[in-house]
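Worksheet for the structure shown next.
This is the structure in structure tokens:
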């Protein structure tokens, strides 16, 4: 049975010692003092360890079942969902006007990491609801907000997002689902949607589907698409539930993982829906939801890695096999624990140094979102630029982390009993959904890099440069952190320059390097995160404050990242600078 | 339903245009002319495509079931196994003295790739039998050979290897299974073995277990271990089957993949066994089997990658999504096929350039084994050195290939329907069994590098150097192939030098870099393979021979590998040269 303990100590370090959130001057942040955030995170951790973690294996094993048109979730899910609701966890960062607790997005993300690590498939029910909540909150009429949000804040009603159709995944311009306007201002929605996570289940009274469809007059392409609210049960004027809408579950998919979440084929047969936001501008409304979802998926990537890592560490300390090459470390036992072996260390350090950097990046990103919400314009550009990096890089590396953690178990990792296979199978979806990682790379290079005349990326380089300059007198950190960061940042700038100089002639020169650029950017930004953590840790050590063991561990882990992971930037740059020719050399028939 | 077609054209190119096997002067090789090998490979391909491929999904879905102590294989497996036997495929490279066809090992490997690509779980039943056959053939008495080999050559009886126990995986010195000598020269074997592939099933009349156990007088550690032949049914003097032996299946494991193969817990309760090879020298006999098995697992790694790649290519050509950035390529259709997109190309080229290099390496390795069998001493050292590289590198990259192929399918890759999940789940075991890849890296750096005074590795460097020198006048290949190979080889030598200079002071400096060294070596040797293929292809083009499209495709694919994959050597070298300090900085408690 896998274990999980929330990394509250590490989260507290990021929140207070690096980001210093309570002094940030952002609305609502002054309440986030150490004791308060610790109490919140501890409580989330307790629910995660005691309730959600044991259910993770159950969910994987039992899966969701479609019975007479209704999806049944695994045994115990409903009771756990009630506990989530009663604890107020679903309302944490929602608008108090609709029953939310009004905490910053950052706190929603921090507790989200904990719940995802414990049970990703389970947490998706509320995660998707939160995305739908945000879309309605941003684009809905006051009436729509009053009708749906209070129930969605509590997760009495849950939400979904319906984009994909059998023949249209990334290419949403090809959608066939139709919306026919009715005299009462509503629409009748007809079509089939696939891969709808949490599409139906037995834990909520209603499911509020947000559905992309084509209404008349919008023409072809994505420009003709609108977004509709389609509830499973129609809502009466008094807020009570009315008739069953004409939406049904066609099937639930057999998947590689996340068996605890119902992935549904949804059939809309003239279901009643209401326009959300402007007609023919559905993509804009959907992107509100999708950007949030992409950050959430990046979080899933490293959060599963964290859970897998914790189990790998426990196994490496416990399992006796072989002797340390430098002399027995457990001489009275029949063998030494796995953790004495350098290659096991190499594996665990790769995991640990990625995970702590990833957490810092996710928290820093959430902090930018809170800054953007407070109207700080530079934050908006920065988070928009980094969203595809956070989604693509953290999920690719999160999956690698789960695979590496499984590897520590040897043959015991391959059998289902220890739960390591589940981490790998669950993590795999994060590289695919909410835009496959290749699409993230395309978004980054094809759109975000040039957005707003390149201002955000210039601002990023400038931020890194100023940071290095500010700290260049710090001899303790220069060679270990600042110099490698400078080198990585130089590689990233060289890659961006290559795209600028060559992409004009032939856009393939940029797109053929897009995936490597996403990873190059990911490494660089993680290097930047590590440098910030190192400065904070060193400062405390210099001042004789804090837990010296924790701080020294932090510095050693960061040094590992800078020394052993960051040099990957050079290999990515070499691939990028080889341009499109090697990539596009063959005709399709030659494959 | 996944597709698979044997890459016979590519195999023929390697066999005849690169290795020129029929002119190699090795015993039995003169018969391997183009027509003959093509006929063999085509026939294997037909069986693979028509019979084994459709069963692959069935095997994954149905799995093996333990019923009243007997393992039932999935529906259709027995009939397919009979076809394998009747076609003589199990006897291909076995000794004619015991009913084999006496073909070179290379042909067994080439047909093995085809069968593994089509259905890895199925092919393991005969693969393990072949390993047990080799161990008995090399170490058995004439009586043992006469008793077991003819039936194992035909797979009327299959074989297993029993090493692992619950508390003893890599560390075989900790084995508890006991062998008590009896007056009649036999032994009684008592203990439990786990993770026994093909441990029991319903496709053969008998199962011949090779079991590691401790006989009295051998002391602790691996030196006290002996190897025993323990048949499921005892064999009478006339060769007929006698009593059921005291060996039984305790359980079959729930695994991540290879569900079509029965992974058994085997209980030996005073089962009758006979010593194979010398008393207390069981590890030596087992290594015969294990080295062969390690090459076979390396083969599995890329062979699954090949099957996954073929499906990814088919999907990328078929699935319409988005438009080429340089202008529509399918203007009459609703969208262009995926394969127009540069990042899809990048993904497919990563796969293709690895797979063709891997095939060449596996064939070249098999050719070295045939040379070693013929008494050519340098071949023995070379293949011994490269066995951990072939196993570790080809399975790591083969798994990556399966993951990349799955990624091409987007969400459709995550549901089980298309079979891409199975390729990933099946491929995952290859990185673990027959010595987890970290153990391969340890074997490479801790043992093989220094073996025989370093002669084999020096010989490898010398071979690469002479090859470059021989071809340095070849201007068409210099910049694209020879220069990158030289650079990679230099990185590999620098890494070996770092180990020599620092490993003496502290062996952790070598072991902390062992995994990266395995990959650095893998890339370098694949670069060498590609350079050899390029020389062969260019030669034919210059002479106006052969299929120009095939040869130009080969060259373009090779150029991709040299340009985009080989630069990884620098990143591995940087990691290696950072030494043990970053890796070993933390105490176990700090994780």
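Protein chains in written order, with the UniProt record's numbering: chain X, 1 to 591; chain L, 1 to 591.
Built from N, CA and C at the ideal position, the CB exists for glycine as well.
These figures come from a predicted structure and were not determined experimentally.
Nearest to residue i by CA position, among the options, is which residue?
i                      : options                       : result
residue 244 of chain X : X:326, X:69 and X:136         : X:69
residue 84 of chain L  : L:204, L:177 and L:187        : L:204
residue 457 of chain L : L:430, L:152 and L:493        : L:493
residue 272 of chain X : X:294, X:184 and X:285        : X:184
residue 226 of chain L : L:209, L:282 and L:232        : L:282
residue 65 of chain X  : X:5, X:255, X:39 and X:229    : X:255
residue 413 of chain L : L:353, L:349 and L:308        : L:308
residue 549 of chain X : L:588, L:46, L:345 and L:538  : L:588
residue 460 of chain L : L:432, L:373 and L:496        : L:496
residue 532 of chain L : L:466, L:338 and L:47         : L:466
residue 299 of chain L : L:252, L:247, L:366 and L:331 : L:366
residue 284 of chain X : X:382, X:172, X:529 and X:542 : X:172
residue 163 of chain L : L:195, L:179, L:133 and L:187 : L:195
residue 176 of chain L : L:165, L:474, L:345 and L:170 : L:165
residue 197 of chain X : X:352, X:443 and X:127        : X:127
Specify, as a first and last residue, the run of the alpha helix (DSSP H) that residue i falls within.
i                      : result
residue 524 of chain L : 514–542
residue 318 of chain X : 282–318
residue 266 of chain L : That residue, residue 266 of chain L, is in no alpha helix (DSSP H); its beta strand (DSSP E) goes 263–276.
residue 240 of chain X : Taken as a continuous stretch (DSSP letters only), residue 240 of chain X belongs to no alpha helix (DSSP H), as it is neither H nor E.
residue 489 of chain X : 483–503
residue 590 of chain L : It is not in any alpha helix (DSSP H) - residue 590 of chain L carries neither H nor E in the DSSP assignment.
residue 368 of chain L : 342–373
Anyone know if the C-beta pair for residue i and residue j falls short of 8 Å?
i                      : j                      : result
residue 288 of chain L : residue 138 of chain L : yes
residue 10 of chain X  : residue 470 of chain X : no
residue 518 of chain L : residue 435 of chain L : no
residue 261 of chain L : residue 419 of chain L : no
residue 568 of chain X : residue 523 of chain X : yes
residue 593 of chain L : residue 360 of chain L : Because residue 593 of chain L is not part of the residues shown, which for chain L are 1 to 591, the question remains open.
residue 491 of chain X : residue 573 of chain X : yes
residue 428 of chain L : residue 409 of chain L : no
residue 228 of chain X : residue 275 of chain X : yes
residue 211 of chain L : residue 148 of chain L : no
residue 593 of chain L : residue 91 of chain L  : Here chain L comprises residues numbered 1 to 591, so residue 593 of chain L is not present and cannot be evaluated.
residue 27 of chain L  : residue 379 of chain L : no
residue 609 of chain X : residue 316 of chain L : Outside the modelled stretch of chain X, which goes from 1 to 591, sits residue 609 of chain X, for which no answer is possible.
residue 41 of chain L  : residue 141 of chain L : no
residue 59 of chain L  : residue 6 of chain L   : no
residue 559 of chain L : residue 2 of chain X   : no
residue 515 of chain L : residue 411 of chain X : no
Cβ of residue i versus every heavy atom of the ligand SAM: is any distance shorter than 7 Å?
i                      : result
residue 142 of chain X : With respect to the ligand SAM, the structure offers nothing, as it holds no ligand at all.
How far does the beta strand (DSSP E) with residue i in it reach, from first residue to last?
i                      : result
residue 23 of chain X  : Segment: none, residue 23 of chain X is in no beta strand (DSSP E) and carries neither H nor E.
residue 209 of chain X : 206–214
residue 325 of chain X : Careful: residue 325 of chain X lies outside any beta strand (DSSP E) and carries neither H nor E.
residue 180 of chain L : 178–181
residue 250 of chain X : 247–252
residue 231 of chain X : 225–231
On the DSSP bridge assignment, give the partners of residue i in chain order.
i                      : result
residue 161 of chain X : X:210
residue 197 of chain X : X:263
residue 255 of chain L : X:415
residue 43 of chain L  : DSSP, once it has assigned bridges, lists no residue as partnering residue 43 of chain L.
residue 192 of chain L : L:267
residue 337 of chain X : X:320
residue 148 of chain X : Residue 148 of chain X pairs with nothing; no bridge assigned.
residue 187 of chain X : X:181 and X:273
Every unbroken beta strand (DSSP E) within the region 53–135 of chain X, with a cutoff of 3 residues, ordered by chain: 65–67 and 70–72
Taking the runs of the alpha helix (DSSP H) that are 4 residues or longer, which of them lie wholly in the region 375–429 of chain X? 377–408 and 411–414
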